[in-house]
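Residue 118 in the numbering used here sits at position 118 of the sequence shown, and the numbers go up by one each step.
No residue lacks a Cβ here, since even glycine has one placed at the ideal position from N, Cα and C.
The block underneath contains the structure these notes are about, expressed in structure tokens.
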Amino acid sequence: MRQLTLPLMIALVLCLSVLTNCSNKPPGIDRKALVARHTIIHQSKDALSPLTVGNGTFAFTADITGMQSFPDHYEQGIPLGTLSDWGWNSFPNQGDYTFDDVTRRYWTGQDSVPYLYQYEGEGSQRQQSATKWLRENPHRLHLGLVGLEIQLLDGNVVALDALEDVHQELDLWTGEMKSSFSVEGVPVEVTTVAHQEKDAVAFRIASSLLEEGRLRMRLRFPYGHPDKFSSGYDLGQPDRHSTTLIPLDAQSCRFQRALDDITYYTSLQWSGTASIETSALHDYYLVPTGEDEIELAVLFSQAEADDLLPDFSAVQSSSREQWPRFWESGAAVDFSECTDPIAFELERRVVLSQYLTRLQCTGPYPPQETGLTMNSWHGKFHLEMHWWHALHFILWNRTDLIEEQLDYYHTIFDKARQTAQWQGYDGVRWPKMIAPDGAESPSTIGTFLIWQQPHIIYFSELLWQNDYQRDRLAEKYQDLVFATADFMASYARWDSTDQRYVLGPPLIPAQERFAPETTENAAFELAYWDFGLRTAQKWRERAGLAPDEKWQQVIDHLSPLPVKNDLYLFTEDATDSYINRDYLSDHPMVLGMMGFLPPSAYVNFEFLESSYDVIRSVWQWETIWGWDVPLAAMTATFLNRPHEAVDILLMDTPKNTYLVNGHNYQHAELPLYLPGNGGILSAVSLMCTYKNSEGNNGFPQNGHWKVQYENMNNWVSY
């Protein structure tokens, strides 16, 4: 045998070493098993249990049949939405209403500044009518109800109560929904999937009821719905819109839809032999013949689709390819080795929140608080909520899903600058409640909020600190950061008596319990101003620019945080913050000074800790919103109280309810609330990456919380 040479022996040793290191390396998280543990399986006709498929810009919510067969029943819970990011409608502006009709001026202590005010139950009839039209329009449009209609043997149409043996599953890994039920002993099976690149949903329906002529598909086109909270559809206005059927071939057709200021198209493609029938305006049936199975694909589009309509197989393939790709990307958190009995429920919420936010919140615009399921605030989105909707995508290493959404700030930049100039400020003032055009809505609250202002600075800095494409970050976000800071410095008012800068009036803080005319120096907003301006100066330094003198003047002379008895006041003028029950409700936003924001020298640790302890004991937690729970958990994490952080995340309070479908229930009008889902993902991310002085993370170190995570980005720091 040939003797091994020394170089060859060294090479073999190195190879063995590499192999040994690989085998000893802890295996990565089994992501498919993690997701599969939380496959949604239920047998409920409950109106709060519908399931959704979608792609981030389009979503279809289905009842227990896997389609939208019983929308009236689900109106009592979570409506059956077919919503998109492009489907918006405005009613005719018959009064020629403008923002001038709703402008009211407020005294700042130095000047009179115009704001868009919500005249409701006050003011002239024109002011009230203008308010109503400007708030309601544009509103997000329900694109169409796609359901089943089944006949009983006696000829009557089946009611929901007549469905038997109901069973429904949603495979989160592939985005595929399977529903089964029986009617008078005859089984029906429905598979539902959404295309991941087109606004299309597809179904495979199997039942002998098809052969018997007792099952057909029903497509109903509605008018828009103006209510603040609604399904987005109104089936009672048939004369206010039009539907035109355009036959294409033996297995496809198209409907042209025309409402007040929108025209869109709905294209159908089906298998086998079937015909289109109608019995009323905007109400159509696809009637199959001769087979016990049919496949149907429905494509919604702004323009007539020139390319080949996707069939069921194409839609299913898209879903089966793209959803696993999502789950395999970015971060993952695995609680399977935890022995605390509440860990499984926390993992369920984390997994389902990823699914819901991926399909509801990753379009070109910031999402509305109810995503693409139903309308809230007329379907408009709230920029102060964008932090809760979007930040977790950066933390979970999925920035690519919201990068287009961050570009939206460029889209509305000019309009935000006009608002600032109109009010006499520098820079850009980011709005609160808007539709895609970026026009602010009149409000008694929203127009006085300012805590949305630094969000784009926060997003940009988090991207920079986590080294996300730094070579182009400055080019992409620097102008946004600088113009945002220009407004912040300009908005701060110089108090010559006390030689300091103050915020407000008029101001309504994130805790919406204070009058705009008198509120001054809300604690959280002060801390966010300090963070935003200091961070903006960092961006100037990185660009090789000198510090901005105006920004620095505000930083150096910004009012100190208001304190009384070593507790942070909610606002400087609310000296009874901890004894006035009116103030011990809504968002406990003072906690956000260390949690939402990273620790800083501006915030005293001991005062914040004392404030946290009192808030835990006296707050009216039934009045909070879904994101207040992760807000408090993040504060507990930075206070190095991991047991409390976990307890808070699973707090037993009405608005911390997570339904079988993963939705964060708030109340009857707001049965889902995606800022809560986004918040829990951000909080868990912080708990994973946080390290205390002993190197422990943000979970309890009692042996019951062996949490595995991978590929998670770090929290932002000063």
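Backbone CA spacing between residue i and residue j [nearest angstrom]
| i | j | result |
| --- | --- | --- |
| E176 | Y458 | 36 Å |
| V146 | V157 | 16 Å |
| H392 | R398 | 8 Å |
| N55 | R349 | 20 Å |
| C22 | V707 | At C22, the pLDDT of 30 sits below 50, so the modelled position is not reliable; the number obtained from the coordinates is stated separately. Answer to the nearest angstrom: the Cα atoms are 22 Å apart. |
| E404 | Q620 | 38 Å |
| Y658 | A683 | 16 Å |
| P560 | K198 | 52 Å |
| L8 | G330 | Confidence in L8 is poor, its pLDDT being 43 and thus under 50, which makes the residue's placement too unreliable to answer from. |
| E212 | G155 | 12 Å |
| G424 | M433 | 21 Å |
| H282 | V298 | 16 Å |
| L296 | S84 | 20 Å |
| G363 | A194 | 15 Å |
| L569 | A343 | 35 Å |
| P700 | A33 | 24 Å |
| P310 | Q269 | 7 Å |
| F605 | G504 | 25 Å |
| A206 | L172 | 22 Å |
| P366 | D628 | 20 Å |
| F596 | S617 | 21 Å |
| Q354 | E384 | 21 Å |
| T192 | S180 | 11 Å |
| A416 | A515 | 24 Å |
| G290 | T273 | 7 Å |
| P654 | T484 | 37 Å |
For residue i, three-class secondary structure by DSSP
| i | result |
| --- | --- |
| R429 | coil |
| M687 | helix |
| K45 | coil |
| E669 | coil |
| G147 | strand |
| S90 | coil |
| T57 | coil |
| I450 | coil |
| P288 | strand |
| N656 | helix |
| N714 | coil |
| W327 | helix |
| T244 | strand |
| R581 | coil |
| H382 | strand |
| Y602 | coil |
| Q168 | strand |
| A458 | One detail in the question is off: residue 458 reads as Tyr in this sequence, not Ala. Residue state, collapsed to three classes: helix. |
| T98 | coil |
| K564 | strand |
| R37 | coil |
| H139 | strand |
| E549 | helix |
| T192 | strand |
Opposing strand residues paired with residue i [DSSP bridges]
| i | result |
| --- | --- |
| Y223 | D234 |
| W118 | Note on residue identity: the sequence assigns Gln, not Trp, to residue 118. Bridge partners of Q118: none, in fact. |
| K706 | None; K706 has no bridge partner. |
| D283 | R220 and A280 |
| D334 | Q708 |
| W270 | L296 |
| W107 | S112 |
| P187 | S182 |
| Y264 | R257 |
Sub-8 Å separation of residue i and residue j beta-carbons
| i | j | result |
| --- | --- | --- |
| F381 | E669 | no |
| R216 | V333 | no |
| T263 | F255 | no |
| R37 | W327 | no |
| D292 | S90 | no |
| Q233 | H225 | A small fix is needed here, since residue 233 is Tyr in this sequence, not Gln. Their beta carbons are under 8 Å apart, which means Y233 touches H225 by this criterion. |
| T108 | P454 | no |
| L219 | V188 | no |
| L134 | S441 | yes |
Whole-angstrom C-beta distance between residue j and residue i, which should lie under 8 Å
| i | j | result |
| --- | --- | --- |
| G698 | M687 | 3 Å |
| L143 | F300 | 5 Å |
| D101 | R126 | 6 Å |
| Q537 | V716 | Between V716 and Q537 the Cβ distance is about 15 Å, and since that is not below 8 Å, they are no contact. |
Any non-hydrogen atom of the ligand SAH within 7 Å of residue i CB
| i | result |
| --- | --- |
| S318 | This structure does not include the ligand SAH; it has no bound ligands of any sort. |
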